[in-house]
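Engineer: Got a structure for you, written out below as structure tokens; questions coming shortly.
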Amino acid sequence: MVTVTADGLLAGLADARALAAAAQRPDLVERLDRAVQRLRSDDATVAVVGEFKQGKSTLVNALLRTDICPVDADIVTAVPTILRFGRPPSAYLQIPGPDGELVAAPIDFGQLRRYITEGGTDPAPRGVEVRLDRRLLGAGLSIVDTPGVGGLDSAQGNLTLATLSLAGAALFVTDAAQELTQPEVDFLRRLLERCPRAFCVITKTDLYGEWRRIADLNRGHLERAGLDVPIVAVSSFLRMRAQARDSTELNEESGFPRLVDLLRRDVLGQAAGNRLAAARSELSFVVAQLRERVEAEHAVAAAPAAAPEVARRYAEKSRRSAWLAGGSWQTVLGDGIQDLTADVEHDLRERLRLMVRRGEDLLEESDPKDTWRDFQAWAAREATAAAVDNLMLLVTRTEQLAHDVAERFGLEYDSLDVDLPAPELALRKVDELDVSFQKSGMQQFLASFTAARVTYGGFYMLGAVGALFSVALAAPLGLLAGMTLGRRLIKSERERQVQQRRLQAKGELRRYVDDVGFHVGRDCREAIRRTQRFLRDEFSTRAQAVERSAAATAAAVQEIADLPPEQRKERANALAEQQRRLDRLAA
């Protein structure tokens, strides 16, 4: 088995480009240029996730031996911080432009801390990008320090999960103070559904002498859950101390060398393999198009009498390819997109309808005035979970549709590369749940006045009857009856007010869910339209390339058949050399 390196593949792509240019195929030249650009520029993204104050930012600083990420006890990361390789060091805000596309706005390094911890702009930034000259980043790694999720089943936790579909790996950070909890294990399970590779990093081993026991307990939890997640225990403090003292022993004790090795082997190695596979796929496609023409010309050069049959065969193939380029696969793609849209919208509606039912049940169990703050957090968490899970369905169904269309019509397909909706941006457009349950002073006075009036009325009526019939105890009995009736009325009034608050809260919940469905659904429909355009253009380009190859082959076959014998012989020798070059590229 021959191992292909990036340099070897780049040389092959350059050779194929020269052959495509000689064959006057600018479309194939453009494909090869894009393949070279992707092979050279693609990064492997690693997201660092976890709860507040678990040592995420300190871990990133120690990993890269920098102090870019703020780590003070009284501040937290407010926006994702993306660290990439760059010379000289620079920083940018990723903010939405007028058309919704992200724009990189340069910022001063001295203000970096403020932007990372506060955001600092309106509209709020999607992230802060920092470019540094570090060896690990220069190897092709990009690191994303995400905000702490403040509860792994919280709204922020769900939004963090949404970003992981774009990452090549994730570092789940937990400290050595305690073993993994069930919510953390559940979060890791959901993380692995969205991200191909994950590592559990136990931090602060220098503070907790029992960290080895904690690591063993965590391995047991993950094994019982059926999760393949390697565990790495590290001390960021020892890593930074090792750097200050230039101590190899301290660095080994910190545990970071193993983490770096895992990132290089499992993340960078896998990403490089994926890039090589994509470039090989492009090279194979181009070689197949060029090879077809060279083989047909060479066959006619050796046997000119076969020219009419070969020309007829490729003319027919050109007609079939033209039909493919303009025909039925687009219908199949369009039908698939319609089904995809219907399924995604139905899934979102069903999730939100279930959220409404659960929310109304929760509101019936208590007085919304007493539980409203907790209910707001619950609603935000459920809304983000619905949006994130709906996005996951969109991604998986879109990938499946692309593969189905490609397989049915013999078109090649590599990977999906479109902008996905950001649930965080959609949910920012939704007004928060907001209901005021405080009664006005006049309403409180009227309720008290009504109760007092009924109490006094009962006392007065029975007192009057007692006076009429000379019953000595009538007045006390009247007072007792009035008080009893008043208490009942007050209780009834309180129940009515609680029911009124429940109705208010349910109405606000439905309004909130409608807004979530509108904004998230609109973003999903936009993403589906972008996906349809991407797949249509990608498959059209491939189908048109096949059509052009067949048409060019038919014309070249007829042309070589009309050459004088001497020129035909020279052409045959040149074609033999091209065929050998293409055979080497195909191998």
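So for the sequence shown, UniProt numbering puts the first residue at 1; every next one is plus one. Cβ atoms here follow ideal geometry from the backbone N, Cα and C, with glycine treated the same way.
#1: How long is the line joining the alpha carbons of Val49 and Pro80, rounded to whole angstroms?
#2: Is it the case that the Cβ atoms of Leu585 and Gly12 are separated by a distance below 7 Å?
#3: Write down every uninterrupted run of the beta strand (DSSP E) in the region 223-306 whose length is 3 residues or greater and which is fully enclosed by it, in chain order.
#4: Starting from Ala47, trace the beta strand (DSSP E) in both directions and tell me its first and last residue.
#5: Just the Cα atoms here: how many angstroms apart are Asp374 and Ala91?
#6: Going by other Cβ atoms of all chains shown within 10 Å of its Cβ, with 16 needed for buried, is Gln500 buried or exposed?
#7: In whole angstroms, what separates the C-alpha of Leu19 from that of Phe285?
#8: Go ahead and label Glu249 buried or exposed: buried means 16 or more other beta carbons lie within 10 angstroms of its beta carbon, across all protein chains shown.
#9: With Arg131 as the anchor, note down where its alpha helix (DSSP H) starts and where it stops.
#10: Roughly how far, in whole angstroms, is the beta-carbon of Ala176 from the beta-carbon of Thr146, given that I think they are within contact range, below 8 Å?
#11: Would you call the region 219-234 and the region 183-192 in contact, with 3 or more CB pairs under 8 Å?
#12: Mark Gln54 as exposed unless 16 or more other C-beta atoms lie within 10 angstroms of its C-beta, in which case mark it buried.
#13: For the pair the region 255-268 and the region 26-36, tell me if three or more CB-CB distances fall below 8 Å.
#14: So the beta strand (DSSP E) Ala91 belongs to, where does it begin and stop?
#15: In terms of DSSP beta bridges, what is Ile202 paired with?
#16: Select from Val520, Ala302 and Leu28 the residue whose C-alpha is nearest the C-alpha of Arg568.
#17: Reducing DSSP to helix, strand and coil, say where Ala169 ends up.
#18: Measuring CB atoms only, is the region 267-284 touching the region 244-259, in the sense that at least three cross pairs come out at less than 8 Å?
#19: Closer than 8 Å by C-beta to Leu191: which residues in its own chain qualify, once you throw out the five before and the five after it? Chain order, please.
#20: Closest to Ala402 by C-alpha separation, out of Glu538, Val287 and Glu382, would be which residue?
#21: From Met240 to Arg65, what does the alpha carbon distance come to, in whole angstroms?
#22: So what's Val71 in DSSP terms, helix, strand or just coil?
#23: In whole angstroms, what separates the C-alpha of Ser470 from that of Ser366?
#24: Expressed to the nearest angstrom, what Euclidean distance is found between the alpha-carbon atoms of Phe388 and Leu59?
#25: Taking the beta carbon of Asn218 as the centre, do at least 16 other beta carbons fall within 10 Å, making it buried, or is it exposed?
#26: Note the first and the last residue of the continuous beta strand (DSSP E) segment covering Arg65.
#27: Pick out whichever of Arg510, Glu566 and Glu577 has its Cα sitting closest to the Cα of Arg349.
#28: Based on the DSSP secondary-structure assignment, which residues constitute the bridge partners of Leu83?
#29: So is Arg84 buried or exposed if we call it buried at 16+ other beta carbons inside 10 Å?
#30: So, is Glu210 buried or exposed, given that buried needs 16 or more other C-beta atoms within 10 angstroms?
#31: Evaluate the contact criterion for the region 100-114 versus the region 138-145: three or more CB pairs, one atom per stretch, below 8 Å.
#32: For Asp523, is the classification buried or exposed, using 16 other Cβ atoms within 10 angstroms of its Cβ as the cut-off for buried?
#33: Buried or exposed for Ala305, going by 16 or more other Cβ atoms inside 10 Å?
#34: Taking Cβ to Cβ, would you say Ala47 is nearer than 7 Å to Ala167?
Structural biologist: Put simply:
#1: 10 Å
#2: yes
#3: 231-233
#4: Ala44 to Gly50
#5: 38 Å
#6: exposed
#7: 13 Å
#8: exposed
#9: Counting along the chain, Arg131 falls outside any alpha helix (DSSP H), though it belongs to the beta strand (DSSP E) covering Gly127 to Leu132.
#10: The Cβ separation is near 21 Å, so there is no contact.
#11: yes
#12: buried
#13: no
#14: Ser90 to Pro96
#15: Thr174 and Ala233
#16: Ala302
#17: strand
#18: no
#19: Val49, Leu161, Leu164, Ala170, Phe172 and Ala198
#20: Glu538
#21: 7 Å
#22: coil
#23: Any reading at Ser470 needs caution, since the residue's pLDDT is 49, under 50, leaving its predicted position unreliable; the model's value is listed next. Computed Cα separation, rounded: 49 Å.
#24: Correcting the residue type first, residue 388 is Val in the shown sequence and not Phe. So the alpha carbons of these two residues sit roughly 27 Å apart.
#25: buried
#26: It is not in any beta strand (DSSP E) - Arg65 carries neither H nor E in the DSSP assignment.
#27: Arg510
#28: Val130 and Ile143
#29: buried
#30: exposed
#31: no
#32: buried
#33: exposed
#34: yes
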